[in-house]
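In the numbering used here, the protein residues as written are 1025 to 1854. Just so it is clear, CB atoms sit at the ideal spot from N, CA and C, and this is done for glycine as well. This one's a predicted model, so the numbers in the text were calculated from it and none came from an experiment.
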């Protein structure tokens, strides 16, 4: 009804302008004074009416009629006066005026229409119909005829005379198909079909409506009617699709609430609880604000609180439903939920009493499945309450009653799921293994194997999870879980960093997938990240932009996509756009992880570009804005690097010394190394060596690098024996996080031996490189060149010839030089 009012208001404005068009000219209205003439009074009264100043318009009209009682605009003025009262909801006064001019020879069509509208407002439908029908019969070409058809249909509709209403609206569409109000008539036809419970026909009418009027303000309501019709036809997926459209396009909070609640219930019917939780979360806020309460809302509220583990609130909602709606179709489900809430709250004794009461009330009903669930709940309650014997007795009693193993398998699978949901993944896998071994042919086998694969995947046992999923596909080609397996296989390959396989599986998963699927949003993200990791940056950019377009309300995913879009632009060499977007993210999400990542990226970019002042500015901004961030150590390290690059060693030291959290072992150790480098440059070598020794003792993963630094300090100070010892310690250290090759260190050992004039020892050390590290051709070649030079210096030409031949055999770039030396020796020595 509210929508009709709004529409009519616009239409009324249109027809009012049409009636008085002749009175509107280009003449500017002058300020009123004592000499205000008849024409000006009428114009300003009409202008005041159009602007909604009805009191002002009434005064002008009354002044006109008083000053010019025989004015030729008397009927027009009175019609306008009646409309003023009509829009002030003073319908009795409006009626008196309209009825008073009914006998006039002019504007009879307008008078009949407004009189009908006044009757309609007073719910005098018979008189309203009479006036509309008279207008249609006598003035079929009137500008009021379309509205008369519409209002006539509305009058019938309000009285539930749907067939008559249908004829009136169809008459409007047939005679005035292009009239602006035909859109509303088309909409009302869909409403009529819905009220007649003709759901297939409702879907057809509103589908036609949305296609013909894509810009209509009633799209949301149309989508909602389609969704409701699908709901009553038990087509939940289609229903969800249209509820979502209604939610997205509606500006009416009540309709948004109804859409969220309805989607929540559709998801519950489909057992898509995560999505149900999201919708009931939104609906809950709306329901509290609007004070709406029903059995559906209560049950949805209870389901939401169960999902969010607010079990006391869930219990309250379930209890309210049981107490307030004893005849509800959801009564049994809510009763069972009440018992489960006691269980989840740890009120096991109350849970036992409630389960027992439920079983007693429904054991002879057709609610056998719920009775079975209540029996399991009762058994679990006894188990948690410490009465293991009673728990086993109940399991055995239920098993004996059903005469099959399904109940037992169901119980075991529920236990496995409970372990998995509580992240006790090892125990969950043990339960699943037990079911698969003891009951390999049960109807639950595919489900159990599916859940086992998910548990293994959560444990990062990717290969085992993949094998479980592939086995399920091979053994159960008709399983209901095959579609989801493609998703989990994509996740598994994503974890293995097999981006091509991840894209292949996720693309297969997304084929023909409804928009309501639980994993669709994550699937788009996996696809985009895989493309990014494959350096398919243009594709990744499109995919991330698509995510923002499809899921604008998913804030976290939107932020992640936005920062990845910025990275894509950087990789596509559009540096200016990338920097602009990273800066925008810092300001758009000032307190978020996204802002932190963006600031670090900007700092790193400027550091790499040697724009150290810019880098320092961004790192400093991060430190000031996020003093408690877990990334603070990394930022302090990069800040120190920037200051160190500017030779601002005091500032660099201050930054490095702020990294006191050794939980981030890599950054902590790198900071110590950086401090040592500064000590080496600015302080005495002894202090630097002490720092490196501290790193060796506390950070074994950087032990090799620290030994190399110590060796270099000793070497610089010509303490070659200690340098030699340090290099050997470096070679003997585990690689850890070092990127220094042992072949390189072995070369430095040989070089140091030369510095202390131990030529034979140097040759021995150099020879270790081709012998121990034969695949490192570069360092082996350098070692042979050093050996050859030593042989030449000592006039050992046979040794030199043999060594140069070794270099030639390696086919290295230095082979040409080796051949030239052989030729020289042959010419000049032998």
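Which residues mark the beginning and the end of the alpha helix (DSSP H) in which residue i is found?
| i | result |
| --- | --- |
| residue 1366 | 1355-1368 |
| residue 1287 | 1277-1293 |
| residue 1241 | No alpha helix (DSSP H) contains residue 1241, which DSSP labels as neither H nor E. |
| residue 1606 | 1599-1612 |
| residue 1183 | Neither: residue 1183 is in no alpha helix (DSSP H) and is coded neither H nor E. |
| residue 1745 | 1744-1756 |
| residue 1073 | 1062-1074 |
| residue 1784 | 1783-1796 |
| residue 1588 | 1579-1595 |
| residue 1124 | 1115-1124 |
| residue 1475 | 1469-1482 |
| residue 1568 | 1561-1574 |
| residue 1451 | 1449-1462 |
| residue 1094 | It is not in any alpha helix (DSSP H) - residue 1094 carries neither H nor E in the DSSP assignment. |
According to DSSP, simplified to helix, strand and coil, what is residue i?
| i | result |
| --- | --- |
| residue 1313 | helix |
| residue 1387 | coil |
| residue 1774 | helix |
| residue 1401 | helix |
| residue 1836 | coil |
| residue 1728 | helix |
| residue 1106 | helix |
| residue 1349 | coil |
| residue 1503 | coil |
| residue 1654 | coil |
| residue 1057 | Note that residue 1057 has pLDDT 46, beneath the 50 cutoff, so the model's placement of it is unreliable and the number below is only indicative. Residue 1057 falls in the coil class under three-state DSSP. |
| residue 1133 | helix |
| residue 1817 | helix |
| residue 1616 | coil |
| residue 1168 | coil |
| residue 1163 | coil |
| residue 1760 | coil |
| residue 1146 | coil |
| residue 1128 | coil |
| residue 1543 | coil |
Round the Cβ separation of residue i and residue j to the nearest angstrom and send it over; I've been treating them as touching at under 8 Å.
| i | j | result |
| --- | --- | --- |
| residue 1715 | residue 1737 | So it is not a contact: roughly 11 Å between Cβ atoms. |
| residue 1248 | residue 1287 | With a Cβ gap of about 11 Å, residue 1248 and residue 1287 do not count as contacting. |
| residue 1205 | residue 1170 | 5 Å |
| residue 1441 | residue 1475 | 6 Å |
| residue 1367 | residue 1401 | 6 Å |
| residue 1137 | residue 1159 | 6 Å |
| residue 1786 | residue 1814 | 6 Å |
| residue 1097 | residue 1077 | Residue 1097 to residue 1077, Cβ: 19 Å. No contact. |
| residue 1360 | residue 1397 | 6 Å |
| residue 1858 | residue 1589 | Because the chain is modelled from 1025 through 1854, residue 1858 falls outside the range shown and cannot be assessed. |
When burial is assigned at 16 or more other CB atoms within 10 Å of the CB, is residue i buried or exposed?
| i | result |
| --- | --- |
| residue 1766 | buried |
| residue 1794 | buried |
| residue 1275 | exposed |
| residue 1339 | buried |
| residue 1559 | exposed |
| residue 1579 | exposed |
| residue 1113 | exposed |
| residue 1141 | buried |
| residue 1811 | buried |
| residue 1123 | exposed |
| residue 1450 | exposed |
| residue 1221 | exposed |
| residue 1741 | exposed |
| residue 1777 | buried |
| residue 1348 | exposed |
Pick out whichever of the options has its Cα sitting closest to the Cα of residue i.
| i | options | result |
| --- | --- | --- |
| residue 1173 | 1667, 1809, 1152 | 1152 |
| residue 1305 | 1676, 1117, 1321, 1294 | 1321 |
| residue 1798 | 1719, 1772, 1833, 1820 | 1833 |
| residue 1656 | 1233, 1679, 1668, 1252 | 1679 |
| residue 1341 | 1334, 1823, 1357, 1323 | 1323 |
| residue 1490 | 1242, 1693, 1510, 1471 | 1510 |
| residue 1552 | 1620, 1350, 1180, 1531 | 1531 |
| residue 1749 | 1775, 1185, 1373 | 1775 |
| residue 1731 | 1717, 1300, 1739 | 1717 |
Regarding residue i and the ligand PLP, is the C-beta to nearest heavy atom distance less than 6 Å?
| i | result |
| --- | --- |
| residue 1538 | The ligand PLP is not part of the structure shown, which contains no ligands of any sort. |
At the 7 Å Cβ level, is residue i part of the contact set with chain D, yes or no?
| i | result |
| --- | --- |
| residue 1560 | Given the protein chain composition of this structure (a single chain), no chain D is represented. |
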